[in-house]
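What follows is a short report on a single structure.
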């Protein structure tokens, strides 16, 4: 009789435990899902960050070839995800959509509604619960989903997020391109200024010395000296021939020697133009001119290189420009996606039964330990 009483007591405890841990919570879940929880509509769009490609077509084909994508990286998708879920985005959107008003219906659903006096930090956390970003690890396609208590509101919110995301991608890529071009343009300006200075130095030297090209002048003088030396050699040969049969005082010999002396003096005079301690001599001028001309040539090559670098920078900047491509546009849902009533009801029942079984197991272990 005592064992029967103990068994009945155990059954009562188990029944009470089952009602307390399973039946009552499950009824509350059903009541909440069916009567209290506000329906939430979802609008979804699929996007990808596209880097402007060159004329080549990706060999992989598929979606990349269809979109003309030269490079889509996880890094770009991650940056965009961080921006969408950032406080900056929330502030931009809150000015238009008034989140605290739109996501607070009547206060009856505290799990899904936001308090009208929520702080900015609380609003940011709530925003992350209502905007979902999923990334495809292979194609790096971002799926952007927005939840709201009104289908049109969710649709407009999704569209605005895409517009702000496009502005963000364009702004970032333009800033990168602008930085690259700014550096190349600075190098070009510096090289052009250096070239202009070198040319000014060349013009100043030519004007001060009244000579266009000392090297050319020196070459002409050298040619003249060579011609005079050939003429002198010919005259001396002629002199030796005359002396072979004439007296040194003969008029022909005296006249020829006068010519030889004149040619020798002219050679000396021309050689003096080339070399002497005087700063105006052609050899010194030629060296100075060569140095200045080398500066001009170097500055010219540097300027050409800067021009080429600028063109390459422009091409690279264009290739690195990125766009946001919308693969699937957002839509206005006709049916509420949440709450998923059947899923929540049966999942909660399974979890409650597991909890009940765990508690029964613990109680049995404790009872065996005592006995």
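In our numbering, the protein residues as written are 1 to 371.
Cβ atoms here follow ideal geometry from the backbone N, Cα and C, with glycine treated the same way.
Values in this document were obtained by computation on a predicted structure and should not be read as measured data.
query, result
"Using a Cβ-Cβ cut-off of 8 Å (strictly less than) and excluding sequence neighbours within five positions of residue 356, which residues of its own chain qualify?", "17, 18, 21, 22"
"Confirm, please, whether the CB-CB distance from residue 263 to residue 231 is below 8 Å.", "yes"
"Once you ignore the five residues that flank residue 328 on each side, which residues in its own chain have a CB closer than 6 Å to its CB?", "45, 46"
"Within a Cβ cutoff of 8 Å, which residues of the same chain sit near residue 55, ignoring the five residues on either side of it in sequence?", "The pLDDT assigned to residue 55 is 38, lower than 50, so where the model puts this residue is not dependable; a value taken from the coordinates is nonetheless given after this. So the list is empty, once near-sequence residues are dropped."
"How would you label residue 122, buried or exposed, when you count the other beta carbons within 10 angstroms and need 16 or more for buried?", "exposed"
"What is the DSSP secondary structure of residue 51, reduced to helix, strand or coil?", "strand"
"State the DSSP-derived secondary structure class of residue 132, mapped to helix, strand or coil.", "strand"
"Any Cβ of chain D within less than 8 Å of the Cβ of residue 223?", "Reference to chain D is not applicable here, since this structure consists of a single protein chain."
"Assign residue 165 to one of two classes, buried (16 or more other C-beta atoms within 10 Å of its C-beta) or exposed (fewer than that).", "buried"
"In this structure, how does DSSP classify residue 325 when only helix, strand and coil are distinguished?", "strand"
"Looking only at C-alpha atoms, which of 266, 137, 101, 296 sits nearest to residue 225?", "266"
"In the region 81-151, which residue ranges form an unbroken alpha helix (DSSP H) of at least 4 residues, counting only runs that do not cross its ends?", "87-97, 99-102, 120-130"
"Tell me, please, whether the region 331-341 touches the region 30-37 by the rule of three or more beta-carbon pairs shorter than 8 Å.", "yes"
"Quick check: what's the CA-CA separation for residue 169 versus residue 79?", "9 Å"
"Look at the Cβ atom of residue 306, then the Cβ atom of residue 191, and state whether they are nearer than 8 Å.", "yes"
"Taking the alpha carbon of residue 119 as the point to measure from, which residue in 91, 37, 351, 184 has its own alpha carbon closest?", "91"
"Kindly list the residues whose CB is nearer than 6 Å to the CB of residue 249, restricted to its own chain and excluding five residues on each side of it in sequence; keep chain order.", "none"
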